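Worksheet for the structure shown next.
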Amino acid sequence: MLYSILQQAPAETTRYMIAGYTVIFTIMLLYVLSLIVRRRNLERDLETLKEMEPKEE
Amino acid sequence: MESKPRLLVILDIVTVLLFISAVSMVFLYAPLEAVMGQVQRVFYFHVANAWVGMLGFLVAAVSGVAYLRKGDRKWDIVGLAAIEISFVFFFTAIISGSIWARGSWGTWWTWDPRLTTAAICELVYAAYFMLRQGIEDPDRRARFGAVYAILSFISVPLTFISIRIFRTIHPVIIGSGAAGAEGSFDMTAKMLQTFMFSLLTFSFIFADLLWHRIRLGHLADKTENLKLKVLQ
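Listed in order, the protein sequences are those of chains A and B. Okay, so the first sequence: first residue is 486 according to this note's numbering, each after it adds one. Okay, so the second sequence: first residue is 6 according to this note's numbering, each after it adds one.
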């Protein structure tokens, strides 16, 4: 009876599901953050360069 | 500072809402798979990540053709943006697939045709960034990048069809797979709906990220040009 119930139950794989989604969400978040940081740095560089740009007479 | 286009703001909002809905469907709507258990839920975003990977590599190949025909710098920016996004998502697909494999096959990795071709595909696109890094002249870099994006796209259909033409243990969810496939399952209506919704959501994520990354590329170009002007 117990053997039959155990045979029918799905495998206990919750930790792999958690690991899988942790990886997926973390990589996506890091990529979005990298886009934000790179944009902010470029905007800062652009502002600095505009200040350094020789003024046309 | 350049303001964000209204359409992009709308796309951001729609994408976030779709993403929240997709996550809810994966965890609350899709039923528990009878044999593999909870790890089967990785399948929805694992395939969606691979889909974004392949879609972006296709966009990059098309952009490569457009660049070679017209010589317009904007196509180089699109190609680079698409490959960068796809490289990240395809990497995620490989890692999440490895975790799924551990749960259902009992191993993190095996040199199965699908896993091997996917790893080769990712490495081929990793070399794209190295190629670009090694070329100083922007026009030459764009030209070489375009040719490389077109040629490297060969690895994408090869990865896609590998499980359909070779003997493999990787499951084929859509269409008929090899007899030796492990981890296959019949999708119920709710599973299929969740799967299709995840693909739709990740298509929106790709479009949204691509737009942001193209804007970043234009900004980088502008900064580079101004830098050269100041240094002269």
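Even for Gly, the Cβ is constructed at its ideal location relative to N, Cα and C. The model shown is predicted, which means the values in this text are computed figures rather than measured ones.
To the nearest angstrom, how far is the alpha carbon of residue i from that of residue j?
{"i": "B:K234", "j": "A:E538", "result": "8 angstroms"}
{"i": "B:F95", "j": "B:E7", "result": "31 angstroms"}
{"i": "B:F48", "j": "B:M201", "result": "12 angstroms"}
{"i": "A:I521", "j": "B:K9", "result": "13 angstroms"}
{"i": "B:S157", "j": "B:D81", "result": "15 angstroms"}
{"i": "B:T38", "j": "B:V83", "result": "According to the sequence provided, residue 38 of chain B is Glu. The question's Thr does not apply to it. Rounded to the nearest angstrom, the two C-alpha atoms are 40 angstroms apart."}
{"i": "B:K232", "j": "B:T173", "result": "53 angstroms"}
{"i": "B:L13", "j": "B:K195", "result": "31 angstroms"}
{"i": "B:T20", "j": "B:A98", "result": "20 angstroms"}
{"i": "A:K535", "j": "B:H223", "result": "16 angstroms"}
{"i": "B:M30", "j": "B:P162", "result": "29 angstroms"}
{"i": "B:I219", "j": "B:K79", "result": "9 angstroms"}
{"i": "B:G61", "j": "B:F211", "result": "8 angstroms"}
{"i": "B:V145", "j": "B:S167", "result": "For the record, residue 145 of chain B in the displayed sequence is Arg; it is not Val. Approximately 34 angstroms between the Cα atoms of the pair."}
{"i": "B:V152", "j": "B:T164", "result": "20 angstroms"}
{"i": "B:H217", "j": "B:K227", "result": "15 angstroms"}
{"i": "B:R169", "j": "B:D142", "result": "42 angstroms"}
{"i": "B:F238", "j": "A:S519", "result": "The first residue shown for chain B is 6 and the last is 237, placing residue 238 of chain B beyond what the model contains."}
{"i": "A:L515", "j": "B:F24", "result": "16 angstroms"}
{"i": "B:G102", "j": "B:Q138", "result": "30 angstroms"}
{"i": "B:M59", "j": "B:S68", "result": "14 angstroms"}
{"i": "A:I509", "j": "A:N526", "result": "26 angstroms"}
{"i": "B:A147", "j": "B:I159", "result": "19 angstroms"}
{"i": "B:W116", "j": "B:T122", "result": "9 angstroms"}
{"i": "B:E127", "j": "B:L136", "result": "15 angstroms"}
Three-state secondary structure (DSSP) at residue i?
{"i": "A:E497", "result": "coil"}
{"i": "B:E38", "result": "strand"}
{"i": "A:E538", "result": "coil"}
{"i": "B:V31", "result": "helix"}
{"i": "B:I174", "result": "coil"}
{"i": "B:E7", "result": "coil"}
{"i": "A:I503", "result": "helix"}
{"i": "B:I140", "result": "coil"}
{"i": "B:D17", "result": "helix"}
{"i": "B:T112", "result": "coil"}
{"i": "B:D191", "result": "coil"}
Going by beta-carbon coordinates alone, are residue i and residue j separated by less than 8 angstroms?
{"i": "B:M41", "j": "A:A494", "result": "no"}
{"i": "B:W113", "j": "B:F207", "result": "no"}
{"i": "B:I88", "j": "B:Y130", "result": "yes"}
{"i": "B:T199", "j": "B:Y72", "result": "no"}
{"i": "B:V44", "j": "B:G108", "result": "yes"}
{"i": "B:W221", "j": "A:R529", "result": "Before going on, a small fix: residue 221 of chain B reads as Leu here, not Trp. Against a cut-off of 8 angstroms, the Cβ pair of A:R529 and B:L221 comes out as no contact."}
{"i": "B:H175", "j": "B:L120", "result": "yes"}
{"i": "A:Y501", "j": "B:I100", "result": "no"}
{"i": "B:A154", "j": "B:A66", "result": "yes"}
{"i": "A:I512", "j": "B:V93", "result": "yes"}
{"i": "B:D213", "j": "B:D77", "result": "no"}
{"i": "B:I140", "j": "B:F149", "result": "yes"}
{"i": "B:A86", "j": "B:L215", "result": "yes"}
{"i": "B:A106", "j": "B:S203", "result": "no"}
Looking at the secondary structure, which residues open and close the alpha helix (DSSP H) in which residue i lies?
{"i": "B:E89", "result": "78-109"}
{"i": "B:W116", "result": "Neither: B:W116 is in no alpha helix (DSSP H) and is coded neither H nor E."}
{"i": "B:S157", "result": "143-157"}
{"i": "B:I210", "result": "194-236"}
{"i": "B:V67", "result": "47-75"}
Buried or exposed: where does residue i fall if 16 or more other Cβ atoms within 10 Å of its Cβ makes it buried?
{"i": "B:V236", "result": "First, the residue type needs correcting, since residue 236 of chain B is Leu and not Val in the sequence shown. Burial call: exposed."}
{"i": "A:E532", "result": "exposed"}
{"i": "B:P118", "result": "buried"}
{"i": "B:G111", "result": "exposed"}
{"i": "B:R74", "result": "exposed"}
{"i": "A:T498", "result": "buried"}
{"i": "B:R5", "result": "With chain B covering 6 to 237 only, the question about residue 5 of chain B has no answer from this structure."}
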